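**Student:**
Protein chains: 2
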Amino acid sequence: MNLHLYDYFRSSAAYRVRIAMNLKGVQAERSYVNLFRGEQANPEFRSLSPSGLVPVLEHDGQRIYQSLAIIDYLDGLHPEPPVLPADPAGRARVQGLALAIAADIHPLNNLRVLNFVENDLGAGKEGRMKWLAHWCHVGLEGLEARLSAEPATGRFCHGDQPTLADICLAPQVFFARRFDLDLSAYPTVLRIDAACQQIPAFADAAPGKQPDAA
Amino acid sequence: MNLHLYDYFRSSAAYRVRIAMNLKGVQAERSYVNLFRGEQANPEFRSLSPSGLVPVLEHDGQRIYQSLAIIDYLDGLHPEPPVLPADPAGRARVQGLALAIAADIHPLNNLRVLNFVENDLGAGKEGRMKWLAHWCHVGLEGLEARLSAEPATGRFCHGDQPTLADICLAPQVFFARRFDLDLSAYPTVLRIDAACQQIPAFADAAPGKQPDAA
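If you read the protein sequences in the order shown, they are chains A and B.
Heads up, the final residue of the first sequence is numbered 213 in numbering that gives the first Met the number 0, and it's a clean run with no missing numbers.
Heads up, the final residue of the second sequence is numbered 213 in numbering that gives the first Met the number 0, and it's a clean run with no missing numbers.
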């Protein structure tokens, strides 16, 4: 396939791509960019990722940025199993749920953002944790409200097969757990995450199972 | 068409949807949710948008959340003109550029986030402005680096027709200008924005031209 993934075990965005690749049975060579040690600032990595973000996928000389764009590209290369429902209403619902996580929760809790809150805004470790918890809870409340009320929710976010929404949900739940947030107000989110963890494609993509895990 | 859009003139995400609707010649009934006055907290709006965010599109009883999901849905209803290139490499590039704005710049500068920085983190008006400028500049630097270097850039972000990337770029430039940021380091971004503004679909979607503009 000639695929190369720039990965970091703790990146939620890279974790999404790992799940999608596992679901589709796609292999890639890997390079690991340790964001915690600041390796995203290395000139070599900057020359291929001007934003300094992971994941980046290379395929046949093309570089693809942004996890959701990478997953859409993989879906084009390997359509089975699809990550989006075929019907327009279902497709829109799954994309909306995925983006509620990928565009409204996760960007606020990126490592670079947490560091800026703590250091540049001078909010300290306490402010960092207050920030992180606030945006996780705001986002998960909205998600729980939809998932618990909408009849299209099944064993997974949308029906009984995992979709792009679950690919975003599992890394977000992992992140919240890593910081010991009380998630008891989100029983539907937790039930769906538990269903995801029973699938090897999800379980094998977990940060702790990656070769670069600390 | 039976489309209803919940809109707010200053929302960058709603602005994207307005541009896409104009490009495709799609009309919708509109309701206006004044985020500045806190109308997103009204129980009636919360009952239809659990996250309290705009835009929301209603169509045939279905509610669609998240601007990029709404635009994809409109693209399904009205395929012409398409917002994404037909070739996989171009499609991935445009999605990556769009998400670099929609998932990495804009979420950090949402009104609710700026208010939290100023008030809840106690960073004050000075901290709010420092935050806003920092994330705008970080994001636009990455965008300029790609747009100025990649041969696929044309009159617009990708070739000579507007795509989803431009639909995201124009509202982001509008936002940065509203806060008087110095954008002179981003000549390619500014050149593409100027090309967008010559298209009525973009110009007519501008915040100042909306019925709910203050």
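We put the CB at the ideal spot given by N, CA and C, even for glycine.
Being a predicted model, the structure only gives us computed values, none of them experimental.
Just by C-beta distance, which residues in the region 61-94 of chain A are closer than 9 Å to chain B?
**Tutor:** Of all residues in the region 61-94 of chain A, Gln61, Arg62, Ile63, Tyr64, Gln65, Ser66, Leu67, Ala68, Ile69, Asp71, Tyr72, Gly75, Leu76, Pro87, Ala88, Arg90, Ala91, Arg92, Val93, Gln94 have a Cβ within less than 9 Å of some Cβ in chain B.
**Student:** Provide the residue span of the beta strand (DSSP E) that contains Ile104 of chain B, from first to last.
**Tutor:** Here residue 104 of chain B corresponds to residue number 105 of the second sequence, with the count starting at 1. Premise fails: Ile104 of chain B is in no beta strand (DSSP E) and is neither H nor E.
**Student:** Which stretch, first to last residue, makes up the alpha helix (DSSP H) that contains Leu139 of chain A?
**Tutor:** Locating residue 139 of chain A in the first sequence gives position 140, counting from the first residue. First-last of the alpha helix (DSSP H) with Leu139 of chain A: 123-148.
**Student:** Is the CB-CB distance between Val93 of chain B and Ala164 of chain B below 8 Å?
**Tutor:** Reading the second sequence from its first residue, position 94 is the one you call residue 93 of chain B. Reading the second sequence from its first residue, position 165 is the one you call residue 164 of chain B. It is a contact, given that the beta carbons lie within the stated cut-off.
**Student:** Terminal residues of the continuous beta strand (DSSP E) containing Ile63 of chain B?
**Tutor:** On the second sequence, position 64 is the one that residue 63 of chain B refers to. 61-64 is the span of the beta strand (DSSP E), which, as asked, contains Ile63 of chain B.
**Student:** Since I believe Pro106 of chain A is in contact with Pro49 of chain B (beta carbons under 8 Å), could you give me their beta-carbon distance rounded to a whole number of angstroms?
**Tutor:** If you number the second sequence from 1, residue 49 of chain B lands on position 50. If you number the first sequence from 1, residue 106 of chain A lands on position 107. Between Pro106 of chain A and Pro49 of chain B the Cβ distance is about 19 Å, and since that is not below 8 Å, they are no contact.
**Student:** Evaluate Ser10 of chain A with the Cβ neighbour count: other Cβ atoms within 10 Å of its Cβ, from every protein chain shown; 16 or more gives buried, anything less gives exposed.
**Tutor:** Along the first sequence, read from residue 1 onward, the residue named residue 10 of chain A stands at position 11. Burial call: buried.
**Student:** How big is the Cα-Cα spacing for Phe35 of chain B and Leu4 of chain B?
**Tutor:** As a first step, residue 35 of chain B is located in the second sequence; it is residue number 36 there, counting from the start. As a first step, residue 4 of chain B is located in the second sequence; it is residue number 5 there, counting from the start. One C-alpha to the other measures close to 18 Å.
**Student:** Just list the alpha helix (DSSP H) runs in the region 173-197 of chain B, keeping only unbroken ones of 4 residues or longer that don't cross its boundaries, in chain order.
**Tutor:** Whole alpha helix (DSSP H) segments, 4+ residues: 186-196.
**Student:** If we ignore side chains and look at the alpha-carbon of each, how far apart do Val116 of chain B and Asn109 of chain A end up?
**Tutor:** Your numbering for residue 116 of chain B matches position 117 in the second sequence. Your numbering for residue 109 of chain A matches position 110 in the first sequence. If you take the alpha carbons of Val116 of chain B and Asn109 of chain A, they lie about 16 Å apart.
**Student:** Could you name the residues of the same chain whose beta carbon sits closer than 7 Å to that of Gln171 of chain A, not counting the 5 residues immediately before and after it, in chain order?
**Tutor:** Within the first sequence, residue 171 of chain A is the residue found at index 172, counting from 1. Ser11, Ile100, Ile104, His105.
**Student:** Locate the alpha helix (DSSP H) running through Leu47 of chain B, then write down its first and last residues.
**Tutor:** Looking up residue 47 of chain B in the second sequence gives position 48. Unbroken alpha helix (DSSP H) run through Leu47 of chain B: 42-47.
**Student:** Below 8 Å between beta carbons: does that hold for Leu73 of chain B and Ala19 of chain B?
**Tutor:** Within the second sequence, the letter at position 74 stands for residue 73 of chain B. Within the second sequence, the letter at position 20 stands for residue 19 of chain B. Yes; because the gap between Cβ atoms is below 8 Å, this pair is in contact.
**Student:** Under the three-state reduction of DSSP, which class applies to Asp165 of chain B: helix, strand or coil?
**Tutor:** Taking the second sequence and counting its residues from 1, one reaches residue 165 of chain B at position 166. Three-state result, Asp165 of chain B: helix.
**Student:** Who are the neighbours of Ser10 of chain B on chain A, taking C-beta pairs under 8 Å?
**Tutor:** Your numbering for residue 10 of chain B matches position 11 in the second sequence. Neighbours of Ser10 of chain B on chain A: none; closest Cβ ~13 Å, over 8 Å.
**Student:** Taking only beta carbons into account, state which residues of the region 134-155 of chain A come closer than 7 Å to chain B, listed in chain order.
**Tutor:** Answer set for the region 134-155 of chain A: Gly141, Ala144, Arg145.
**Student:** When you compare the CB positions of Ile66 of chain A and Arg15 of chain A, do they come within less than 8 Å of one another, or not?
**Tutor:** Translated into positions along the first sequence, residue 66 of chain A becomes position 67. Translated into positions along the first sequence, residue 15 of chain A becomes position 16. In the sequence as displayed, the identity of residue 66 of chain A is Ser instead of Ile. Taking 8 Å as the Cβ cut-off, Ser66 of chain A and Arg15 of chain A qualify as a contacting pair.
**Student:** Use the C-beta contact count for Gly138 of chain A: other C-beta atoms within 10 angstroms, 16 or more gives buried, fewer gives exposed.
**Tutor:** Sequence index remark: in the first sequence, residue 138 of chain A carries index 139 (1-based). Burial call: buried.
**Student:** I'd like the span of the alpha helix (DSSP H) that includes Val55 of chain A, first residue to last.
**Tutor:** As a position in the first sequence, residue 55 of chain A is number 56, starting the count at 1. From DSSP, Val55 of chain A is part of no alpha helix (DSSP H) but of the beta strand (DSSP E) over 55-58.
**Student:** Between which residues of its own chain and Glu143 of chain A is the CB-CB distance below 6 Å, once the five residues before and five after are set aside?
**Tutor:** The residue you call residue 143 of chain A lines up with position 144 of the first sequence. Excluding positions up to five away in sequence, the list reads Tyr185, Thr187, Val188.
**Student:** Given that Val112 of chain B touches chain A, what residues does it touch there, using C-beta distances under 7 Å?
**Tutor:** Stepping through the second sequence from its first residue, residue 112 of chain B is reached at position 113. Simply Leu107.
**Student:** Measure from the alpha carbon of Arg17 of chain A to the alpha carbon of each residue in A:Ala212, A:Phe201, A:Trp130, A:Ala213, then state which is nearest.
**Tutor:** The residue labelled residue 17 of chain A in the question sits at position 18 within the first sequence. The candidate whose alpha carbon is nearest that of Arg17 of chain A is A:Phe201.
**Student:** For the region 45-57 of chain A, which residues have a beta carbon sitting closer than 8 Å to at least one beta carbon of chain B?
**Tutor:** Here the close residues are Pro49, Ser50, Gly51, Leu52.
**Student:** Less than 8 Å between C-beta atoms, sequence neighbours within five positions excluded: which residues of the same chain meet that for Asn33 of chain A?
**Tutor:** Indexing the first sequence from 1 puts residue 33 of chain A at position 34. Hits under 8 Å: Tyr7, Asp211.
**Student:** If contacts are defined as beta-carbon pairs under 8 Å, then Arg62 of chain B and Leu47 of chain B qualify, I think. What distance do you get, rounded to the angstrom?
**Tutor:** Numbered from its first residue, the second sequence carries residue 62 of chain B at position 63. Numbered from its first residue, the second sequence carries residue 47 of chain B at position 48. The pair is a contact, with the Cβ atoms about 6 Å apart (cut-off 8 Å).
**Student:** Per the DSSP calculation, Leu5 of chain A is bridged to which residue(s)?
**Tutor:** Taking the first residue of the first sequence as 1, we reach residue 5 of chain A at position 6. It should be noted that the sequence gives Tyr, not Leu, for residue 5 of chain A. Its beta-bridge partners are A:Ser30, A:Val55.
**Student:** For a contact meaning CB atoms closer than 9 Å, what does Gly158 of chain A contact in chain B?
**Tutor:** The residue given as residue 158 of chain A occupies position 159 in the first sequence. Within 9 Å Cβ-Cβ: nothing; Gly158 of chain A doesn't reach chain B, min ~15 Å.
**Student:** Got a sec: is the Cβ-Cβ distance from Ala102 of chain A to anything in chain B below 8 Å?
**Tutor:** Here residue 102 of chain A corresponds to residue number 103 of the first sequence, with the count starting at 1. Yes, because at least one Cβ of chain B sits closer than 8 Å to the Cβ of Ala102 of chain A.
**Student:** For Gly126 of chain B, go through chain A and note every residue whose CB falls closer than 7 Å to its CB, in chain order.
**Tutor:** Reading the second sequence from its first residue, position 127 is the one you call residue 126 of chain B. Going along chain A in sequence order, the residues near Gly126 of chain B (Cβ under 7 Å) are Leu120.
**Student:** Where does Arg176 of chain A land, buried or exposed, given buried means 16+ other C-beta within 10 angstroms?
**Tutor:** Indexing the first sequence from 1 puts residue 176 of chain A at position 177. Exposed, since its Cβ has fewer than 16 Cβ neighbours within 10 Å.
**Student:** Residues of chain A with CB closer than 9 Å to the CB of Leu189 of chain B, please, in chain order.
**Tutor:** Translated into positions along the second sequence, residue 189 of chain B becomes position 190. Those do not exist, as Leu189 of chain B stays about 18 Å from chain A at its closest Cβ, beyond 9 Å.
**Student:** Report yes if the CB atom of Gln160 of chain A is closer than 8 Å to the CB atom of Pro80 of chain A, and no otherwise.
**Tutor:** Within the first sequence, numbered from 1, the residue matching residue 160 of chain A stands at position 161. Within the first sequence, numbered from 1, the residue matching residue 80 of chain A stands at position 81. In contact: Gln160 of chain A and Pro80 of chain A (Cβ atoms closer than 8 Å).
**Student:** Less than 8 Å between CB atoms is the rule here; does Phe115 of chain A satisfy it with respect to chain B?
**Tutor:** For this step, residue 115 of chain A is matched to residue 116 along the first sequence. Chain B, which has a Cβ nearer than 8 Å to the Cβ of Phe115 of chain A, makes this yes.
**Student:** Please return the same chain residues whose Cβ sits closer than 6 Å to the Cβ of Ile166 of chain A, not counting the five positions on each side in sequence.
**Tutor:** For this step, residue 166 of chain A is matched to residue 167 along the first sequence. Cβ neighbours of Ile166 of chain A beyond the five flanking positions: Arg15, Ile18, Ala19.
**Student:** Going by DSSP in three states, Gly24 of chain B sits in which element: helix, strand or coil?
**Tutor:** The count along the second sequence starts at 1 and reaches residue 24 of chain B at position 25. DSSP places Gly24 of chain B in coil when its eight states are reduced to three.
**Student:** Do you know offhand how far Arg45 of chain B's Cα is from Leu180 of chain B's?
**Tutor:** For the purposes of this step, residue 45 of chain B is taken as the residue at position 46 of the second sequence. For the purposes of this step, residue 180 of chain B is taken as the residue at position 181 of the second sequence. The alpha-carbon atoms of Arg45 of chain B and Leu180 of chain B are separated by roughly 33 Å.
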